[in-house]
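Since the structure comes first, as structure tokens, the remarks are kept for the end.
Numbering (the working numbering), first residue to last: 821 to 979.
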């Protein structure tokens, strides 16, 4: 994931200390019920699509922007799936971040799925019963997006 310019500027004065940041995950489904995934350049693994909102950017707008930037797919945000504080992450350079993830279910409305930036090695649609190997983060979010339950949150802090 490329570091947004505003984070780099903040790091100049904050150093490596933990930053509390917003994060957005976008789960895009097509008319066939398939979910859009990308294979990340940093890990080589398939993943759900996500990123960091720009200052002042709304979560739904961020989801739509990130999907297009990474996959060339046009989508519309339909609903919030979940909101969850994630565990702190330490990056190889020593920077520490902790994200408040807002996961948004989206519906594809145009474009052809393709690698559209340098953050993805591959982009593809997958039937939900034939997903590639995904981490628990992605699997849980896809499962929640397929339910008709209201927005999920973890009141105990234990997923």
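The C-beta atom is built at its ideal place from N, Cα and C for all residues, glycine as well.
- Measure the C-alpha to C-alpha separation of residue 927 and residue 901 and round it to an integer number of angstroms. Taking the first residue of the chain shown as position 1, residue 927 is located at position 107. Taking the first residue of the chain shown as position 1, residue 901 is located at position 81. Going from the Cα of residue 927 to the Cα of residue 901 covers about 13 Å.
- List the DSSP bridge partners of residue 942. Along the chain shown, one-based indexing puts residue 942 at 122. According to DSSP, residue 942 shares a beta bridge with 859.
- Mapping DSSP to helix, strand and coil, what is residue 890? On the chain shown, position 70 is the one that residue 890 refers to. Here residue 890 sits in helix by DSSP.
- Secondary structure of residue 958, DSSP reduced to three states: Against the chain shown, residue 958 aligns to sequence position 138. Of the three classes helix, strand and coil, the one that applies to residue 958 here is helix, per DSSP.
- Task: Kindly indicate the opening and closing residues of the alpha helix (DSSP H) around residue 829.
- Result: Working through the chain shown from its first residue, we reach residue 829 at position 9. Residue 829 -> alpha helix (DSSP H) spans 825 to 834.
- Tell me, please, whether the stretch 932 to 947 touches the stretch 852 to 871 by the rule of three or more beta-carbon pairs shorter than 8 Å. Two segments are said to touch when three or more pairs of C-beta atoms, one from each, lie closer than 8 Å; by this definition the stretch 932 to 947 touches the stretch 852 to 871.
- Per-residue burial, residue 874 [other beta carbons within 10 Å of its own, 16 or more giving buried]: Within the chain shown, residue 874 is the residue found at index 54, counting from 1. So residue 874 counts as exposed.
- For residue 952, I'd like the list of residues in its chain whose CB is within less than 6 Å of its CB, leaving aside the five on either flank, ordered along the chain. Counted from its first residue, the chain shown places residue 952 at position 132. Result list for residue 952: 866, in chain order.
- Query: For residue 884, which three-state DSSP category applies?
  - Reply: Numbered from its first residue, the chain shown carries residue 884 at position 64. In the structure shown, the three-state DSSP call for residue 884 is helix.
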